[in-house]
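Novice: Under the working numbering, the sequence shown has 1065 at position 66, and the numbering climbs by one with no breaks. My structure is below; once you've seen it, I'll send some questions.
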Amino acid sequence: MVHSLNTSPAATPWRPGVKTATSPVLIKSFDKGLAILDWVLRAPERPRLQQVADAMGIDKSSASRFLATLLRHEVLVRDPVTRTYGAGERVALWTQGSDASRKMLELARPHLRHLRRVTGHTAHLAVLRDDRVVLVEVKEAEAPASVRQTPGDWEPLYCSAVGKAIVAFLPIVILQRVVTRMGWHARTPRTLTSSEQLHVELRSIRRDRVAFDDRENNPDIGCVASPVLDNSGYPMASIGISMRAPLHPQGIRGQHVCVAAVREAARALSTLLTTTRPTTR
């Protein structure tokens, strides 16, 4: 429930950068920073520095300073490959505040710990956020050579196992919209770079309920993931593991014990979520 300090019907909701008759004196730099944050989070595609400057009507150096501040506070992240900006770890943590999200995290943690123990690899839970997936919970493996991840890390949909596991089970209308917004940046020589390639793989994912990132996002990392589905088959999240690819010369697709463990963890969490609370979207 949202509580308002001003119950008058004439009261106008505050928005970043918008001055109202009831506005207090604003801290202009803070106001501008919030406006930039709001614009970046709502942008249909992850913007670059010049796009932020143009949208805000400020010069590039000023936009760079505002973005650097938002990066410092982890409300935004910058992709070093595409030089674009998107939601950071703090935003991901804030979005975990709802009852449904807390319930999912609470139920997922034992399965992630079990998955880490069985496979020996870092286990994670991811959810769809606009045109990418965000890790909302991570259980890191203890081995020195294990993959290091933290909640709030994001990954592209088309070259991550957790992303593809979710995309494969989206309703067709949403799937088409999501695919048209993909950037198709070749992060490694193995990255999928077209919707045709992706759709071929999505058919296999729907059949097997398991997705792979075979060094597509990072040349040294391989991942396996499976969708967490509600009663209607809608993907609420995905569960996955990440491993150092050079340590598995036979390939991640040959890690049969790990693949089965990931699939089972996702199936078990799907069952728990759909039997302990009503399905919501």
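Backbone N, C-alpha and C define an ideal beta-carbon position, used for all residues, glycine too. If you're wondering where the values come from, they're calculated on a predicted model, not measured in any experiment.
Could you name each continuous beta strand (DSSP E) segment of 3 residues or more that falls completely within the segment 1214-1279, going from the start of the chain to the end?
Specialist: 1220-1228 and 1234-1243
Novice: Does the contact criterion of 3 or more C-beta pairs under 8 Å hold for the segment 1163-1176 versus the segment 1133-1152?
Specialist: no
Novice: For Met1293, which option in Gln1249, Leu1191, Ser1028 and Ser1100 has the closest C-alpha, if you only look at C-alpha atoms?
Specialist: The shown model of the chain, from 1000 to 1280, leaves out residue 1293, and the question about it has no answer.
Novice: Please state whether DSSP places Gly1085 in a helix, a strand or coil.
Specialist: strand
Novice: Hey, out of Pro1079, Ala1122 and Ala1086, whose CA is closest to His1072's CA?
Specialist: Ala1086
Novice: In or out: Val1199 buried (at least 16 other Cβ within 10 Å) or exposed?
Specialist: exposed
Novice: Which residues share a DSSP beta bridge with Arg1131?
Specialist: Arg1128 and Pro1155
Novice: Between which residues of its own chain and Arg1252 is the CB-CB distance below 8 Å, once the five residues before and five after are set aside?
Specialist: Phe1211, Asp1213 and Val1258
Novice: By alpha-carbon positions, which one of Pro1079, His1247, Leu1048 and Asn1216 ends up nearest to Phe1065?
Specialist: Leu1048
Novice: Taking Cβ positions, are Thr1081 and Gly1032 nearer each other than 8 Å?
Specialist: no
Novice: For Arg1266, which residues from the same chain have a beta carbon less than 6 Å from its beta carbon, with the 5 sequence-adjacent residues on both sides left out?
Specialist: none
Novice: Contact defined as beta carbons within less than 8 Å: I believe Val1146 pairs with Ser1237. What is the distance between those atoms, to the nearest angstrom?
Specialist: 16 Å between Cβ atoms; not a contact.
Novice: Do Val1161 and Ala1260 have their CB atoms nearer than 8 Å?
Specialist: no
Novice: Between which two residues does the alpha helix (DSSP H) holding Val1076 run?
Specialist: Unbroken run through Val1076 is the beta strand (DSSP E), Leu1075 to Asp1078; no alpha helix (DSSP H).
Novice: Determine, using beta carbons only, whether Pro1150 comes closer than 8 Å to chain C.
Specialist: Among the protein chains of the structure shown there is no chain C, as only one such chain exists.
Novice: If I follow the unbroken alpha helix (DSSP H) through His1198, where does it start and stop?
Specialist: Counting along the chain, the unbroken alpha helix (DSSP H) around His1198 starts and ends at Ser1194 to Asp1207.
Novice: Residues in its own chain within less than 7 Å of Ala1185 by CB, not counting five upstream and five downstream?
Specialist: Taking C-beta separations shorter than 7 Å and ignoring five residues to either side along the sequence, the partners of Ala1185 in its chain run Thr1192, following chain order.
Novice: So Leu1268 and Ala1107 are in contact, right, with Cβ under 8 Å, and what is the actual spacing, rounded?
Specialist: 6 Å
Novice: State the start and end residues of the unbroken alpha helix (DSSP H) segment that holds Met1055.
Specialist: Leu1048 to Met1055
Novice: Mapping the DSSP letters down to three states, classify Phe1211 as helix, strand or coil.
Specialist: In the three-state scheme derived from DSSP, where H, G and I count as helix and E and B as strand, Phe1211 is classed as strand.
Novice: Report back the beta-carbon spacing between Asn1216 and Pro1155 to the nearest angstrom; my notes put them in contact at under 8 Å.
Specialist: 7 Å
Novice: Please determine whether the Cβ atom of Val1199 lies at a distance below 7 Å from any heavy atom of the ligand NAP.
Specialist: The ligand NAP is absent from the structure shown, which contains no ligands of any kind.
Novice: Between the Cα of Val1178 and the Cα atoms of Gln1196, Ser1060, Val1126 and His1123, which residue gives the shortest distance?
Specialist: Distance from the Cα of Val1178 is smallest, within the candidate group Gln1196, Ser1060, Val1126 and His1123, for Gln1196.
Novice: Taking a contact to mean a Cβ-Cβ separation below 8 Å, would you say Val1074 touches Leu1036 in this structure?
Specialist: yes
Novice: Evaluate Pro1012 with the Cβ neighbour count: other Cβ atoms within 10 Å of its Cβ, from every protein chain shown; 16 or more gives buried, anything less gives exposed.
Specialist: Its pLDDT being 37, under 50, Pro1012 is placed unreliably by the model, and the measurement read from it follows with that caveat. Looking at its Cβ environment, which holds fewer than 16 other Cβ atoms inside 10 Å, Pro1012 is exposed.
Novice: Along the chain, where does the alpha helix (DSSP H) that runs through Val1039 open and close?
Specialist: Lys1027 to Arg1041
Novice: What separation, rounded to the nearest whole angstrom, lies between the Cα atoms of Met1055 and Tyr1157?
Specialist: 30 Å
Novice: What residue does the alpha helix (DSSP H) around Arg1180 start on, and which one ends it?
Specialist: Note, Arg1180: premise wrong, no alpha helix (DSSP H); not H, not E.
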